[in-house]
Structures are given as C-alpha cells and as structure tokens.
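Protein sequence lines, in the order shown, are assigned to chains V and E. Just so we're aligned, residue 0 is where the first sequence starts under numbering that gives the first Met the number 0, counting upward by one. Just so we're aligned, residue 0 is where the second sequence starts under numbering that gives the first Met the number 0, counting upward by one. Just so it is clear, CB atoms sit at the ideal spot from N, CA and C, and this is done for glycine as well. A quick note: this is a predicted structure, and the numbers were derived from the prediction, not measured. The structure under discussion appears below in the form of structure tokens.
2 protein chains.
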Amino acid sequence: MTKLQQAILEILKNSKDHFTAEDVFWALKPQFPKLALGTVYRNLNYFSDQKMIRRVYRADAPDFYEWNTKPHDHAVCIKCGVTSDLFVPDLKDFLKSQILCDIVSFDLNISYICPECSGKNFETEEE
Amino acid sequence: MTKLQQAILEILKNSKDHFTAEDVFWALKPQFPKLALGTVYRNLNYFSDQKMIRRVYRADAPDFYEWNTKPHDHAVCIKCGVTSDLFVPDLKDFLKSQILCDIVSFDLNISYICPECSGKNFETEEE
DNA sequence: TTCACTGCAAAAAGTTTGCACTGAG
DNA sequence: CTCAGTGCAAACTTTTTGCAGTGAA
Numbered sequence: 000m001t002k003l004q005q006a007i008l009e010i011l012k013n014s015k016d017h018f019t020a021e022d023v024f025w026a027l028k029p030q031f032p033k034l035a036l037g038t039v040y041r042n043l044n045y046f047s048d049q050k051m052i053r054r055v056y057r058a059d060a061p062d063f064y065e066w067n068t069k070p071h072d073h074a075v076c077i078k079c080g081v082t083s084d085l086f087v088p089d090l091k092d093f094l095k096s097q098i099l100c101d102i103v104s105f106d107l108n109i110s111y112i113c114p115e116c117s118g119k120n121f122e123t124e125e126e
Numbered sequence: 000m001t002k003l004q005q006a007i008l009e010i011l012k013n014s015k016d017h018f019t020a021e022d023v024f025w026a027l028k029p030q031f032p033k034l035a036l037g038t039v040y041r042n043l044n045y046f047s048d049q050k051m052i053r054r055v056y057r058a059d060a061p062d063f064y065e066w067n068t069k070p071h072d073h074a075v076c077i078k079c080g081v082t083s084d085l086f087v088p089d090l091k092d093f094l095k096s097q098i099l100c101d102i103v104s105f106d107l108n109i110s111y112i113c114p115e116c117s118g119k120n121f122e123t124e125e126e
C-alpha cells in the first residue's frame with residue numbers, strides 16, 4: 000500500500016461525508032502535486048472492488064465513494080443539498096411482504112428536508 | 000406537434016417497455032431516414048419536462064423514457080435483464096413511519112429474480 | 001533490476017448544444 | 001416571410017484505459 004493509497008483511504012475514513020473522485024483529488028493535490036485524476040479513480044475503484052469502501056453510482060451527478068460499507072440508503076436534503084446516510088429498519092422485509100418476490104438487492108434514494116432545514120426537531124435513524 | 004413528435008410518443012404509448020433514446024432512434028430510423036439522435040433526445044426531454052412521459056435517470060446505463068407517468072418503481076431481473084414497472088403499496092407511509100422525516104420524493108430500484116426466471120408463480124403487484 | 005503504481009493524454013459513453021437550414025403555415 | 005423543428009457536428013461531463021516512466025524493495 001503506497002502513501003497515496005493510504006492518504007486516499009484516510010480521507011474517506013476520517014469523514015462521514017460522501018466524496019466524489021474530484022473531491023478526493025483536490026483534497027490530496029497539495030500533498031501530491033503531480034496527482035492525476037485518473038489515478039484517484041483507479042484507486043477508488045480498486046478499493047470498492049475489494050469492498051474496502053463503497054461506491055455509490057449516481058445518475059445525474061458524479062458517483063461518490065464512502066467509508067461506510069454497511070448496507071444503508073441515502074437521503075439528499077432539497078434545501079441544503081447535503082447527502083446523509085440513512086438506515087431504514089426492516090425495509091427489505093417490508094418490500095418482500097409487499098411484492099412477494101425474491102429481492103436480490105435494492106437501492107433507495109430519498110429527497111427530503113433535513114432536520115436542520117425543516118426547523119423542527121425530527122430524529123432520524125442513522126447509521 | 001410534428002409527425003416526428005407524434006411518432007416518438009406513439010412508440011412509448013404503445014408499449015410498456017422502457018426505451019433509451021437510442022432505442023427510439025433506431026425504431027424510427029426506417030420511417031425517418033435523416034433522423035438525428037440529438038433530435039430524439041431533444042424531443043424526449045421536452046416531453047418529460049412537460050410531464051407527458053417520464054424520464055428515468057440511471058447510473059451506469061443510458062437513461063430510459065416511459066409512457067407511465069404515475070408514481071412507480073422499477074425492478075430489474077438479474078437473470079434476464081428485463082426492467083419491469085413495480086408499484087410497492089404504502090411504501091411512502093412506511094418510510095415516513097420509519098425515519099420520521101418529511102419525504103419529498105424517493106427513488107427505489109430493485110434487483111430481483113423475476114417470476115418467469117425463478118420458475119415459480121409469484122404474483123407481483125404491478126401498475 | 002524489477003514490477004506495481006503512477007502521470008499523462010486519449011478514448012469512451014451518454015447527453016447536450018450551437019448553428020444553419022428547411023418546410024409548413 | 002417566419003420561425004419552430006430539425007440535422008449535423010462539436011462540445012461537454014464523467015469515467016476508463018493504454019502506455020511509458022519511475023521509484024521503492
């Protein structure tokens with residue numbers, strides 16, 4: 000494991016944020032001035048292939064990568080734009096009960112108004 | 000509404016399939032030999048802006064367009080690759096009850112083994 | 001010396017856009 | 001004559017890849 004690879008993993012490990020390849024690239028650029036974006040992609044994809052991190056495919060925005068590899072969903076606040084991890088308990092069982100099929104996996108993305116932006120004090124189940 | 004625009008809508012209207020812009024392009028090419036892919040995109044996007052059809056953004060595959068504008072989800076069979084419309088009853092209420100937040104919208108995509116491929120006779124709630 | 005890792009640049013894939021043209025009204 | 005709709009080609013965004021160089025063991 001090279002210094003660069005360690006540094007890439009450290010960035011993800013030390014934050015609950017969701018990083019695009021470019022985020023990681025710019026975060027490391029001061030420390031690795033010759034760093035290339037392609038190299039960042041290559042390493043991030045290698046790590047996610049190894050299940051060390053999770054890659055989240057997105058449709059109309061760059062994919063992001065996160066440290067949290069446990070199953071969870073994502074919620075994007077339509078006010079502040081922040082993406083949060085979100086775990087919906089019993090969702091798989093609920094889906095199975097409703098559609099009566101063998102579910103292999105599923106991907107849920109929620110648009111919502113986060114507690115901070117709603118001004119109210121809702122609690123979210125987070126993981 | 001031009002002949003081309005009518006023809007594009009007809010293709011979506013007459014099928015429950017999910018069409019990429021290229022699907023539509025090739026379906027119309029015989030009838031409109033000079034047709035350009037960009038024009039197909041422009042019209043499909045115009046129609047979806049007008050809520051006449053629905054555009055479904057996809058992460059690692061071309062977006063598709065469908066006639067069904069009613070809220071529903073999608074399930075992709077991992078065996079045969081077919082995408083089906085799927086309506087999960089009461090899902091929004093279930094999500095609200097679990098995460099206690101104001102949900103604006105959500106997007107659910109399921110990977111599963113469809114009834115035909117599983118060899119069993121499961122019934123799916125479809126819309 | 002070796003070879004995994006890297007930088008660089010080009011390519012790939014999907015989609016959008018600028019511009020000139022054309023044809024129906 | 002006008003101008004909405006079109007074809008064409010180039011641009012754009014995100015991501016991947018081929019290739020040559022390089023640096024640690």
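Whose Cβ in chain E lies nearer than 9 Å to the Cβ of residue i?
i: S117/V; result: C100, D101
Considering only the alpha carbon of each residue, which of the options lies closest to residue i?
i: E115/V; options: V103/V, L8/V, L107/V, C79/V; result: C79/V
i: Y111/V; options: C100/V, C76/V, P88/V, S104/V; result: C76/V
i: L90/E; options: L107/E, M0/E, V81/E; result: L107/E
i: G118/E; options: F105/V, S117/V, C100/V, I109/V; result: C100/V
i: Q97/E; options: K95/V, F105/V, L85/V, I98/V; result: L85/V
i: C113/V; options: V39/V, P88/V, H73/V, D48/V; result: H73/V
i: L43/E; options: V55/E, P32/E, K33/E; result: V55/E
i: Y40/E; options: D22/E, P32/E, F31/E; result: D22/E
i: Q4/E; options: P32/E, K33/E, L94/E, Y45/E; result: Y45/E
i: Q49/E; options: F105/E, W66/E, L94/E, V81/E; result: W66/E
i: S47/E; options: F105/E, T68/E, K33/E, D59/E; result: T68/E
Please compile the residues from chain V whose C-beta is within a distance smaller than 7 Å of the C-beta of residue i.
i: N108/E; result: F105, D106
i: I52/E; result: Simply none; closest approach about 17 Å.
i: F154/E; result: Since the first and last residues shown for chain E are 0 and 126, residue 154/E lies out of range.
Count the other CB atoms, across all protein chains shown, that sit within 10 Å of the CB of residue i; report buried if there are 16 or more and exposed otherwise.
i: R57/V; result: buried
i: N13/E; result: exposed
i: V87/E; result: buried
i: A20/V; result: buried
i: D92/V; result: exposed
i: D62/V; result: buried
If you draw a straight line from the alpha carbon of residue i to that of residue j, how long is it in whole angstroms?
i: P29/E; j: Y64/E; result: 21 Å
i: F18/V; j: I52/V; result: 11 Å
i: L36/V; j: A6/E; result: 43 Å
i: V103/V; j: I109/E; result: 8 Å
i: E9/E; j: P70/E; result: 21 Å
i: D16/V; j: S83/V; result: 8 Å
i: A26/E; j: M0/E; result: 19 Å
i: L34/V; j: V81/E; result: 41 Å
i: L94/E; j: P32/E; result: 48 Å
i: L11/V; j: T38/V; result: 16 Å
i: K2/V; j: F24/E; result: 49 Å
i: F105/E; j: A60/V; result: 16 Å
Name the chain E residues whose beta carbon is nearer than 7 Å to that of residue i?
i: P85/V; result: The amino acid occupying residue 85/V in the given sequence is Leu; Pro does not appear at that position. Within 7 Å Cβ-Cβ: I98.
i: L34/V; result: Here the premise fails: no neighbours, minimum Cβ distance about 25 Å.
Under 8 Å between beta-carbons, which chain E residues line up against residue i? List them in chain order, please.
i: D59/V; result: Y56
i: I77/V; result: V103
Give the DSSP bridge partners of residue i, in chain order.
i: F93/V; result: Answer by DSSP bridge pairing: none, since F93/V is not bridged.
i: S83/E; result: A74/E
i: F107/E; result: First, the amino acid is wrong: residue 107/E is Leu here, not Phe. Paired residues: L107/V.
i: Y64/E; result: F18/E, R54/E
i: I102/E; result: Y111/V
Mind pulling the chain V residues with CB within less than 8 Å of residue i?
i: P88/E; result: Q97
i: I112/E; result: C100, D101, V103
Whose Cβ in chain V lies nearer than 9 Å to the Cβ of residue i?
i: L43/E; result: Simply none; closest approach about 15 Å.
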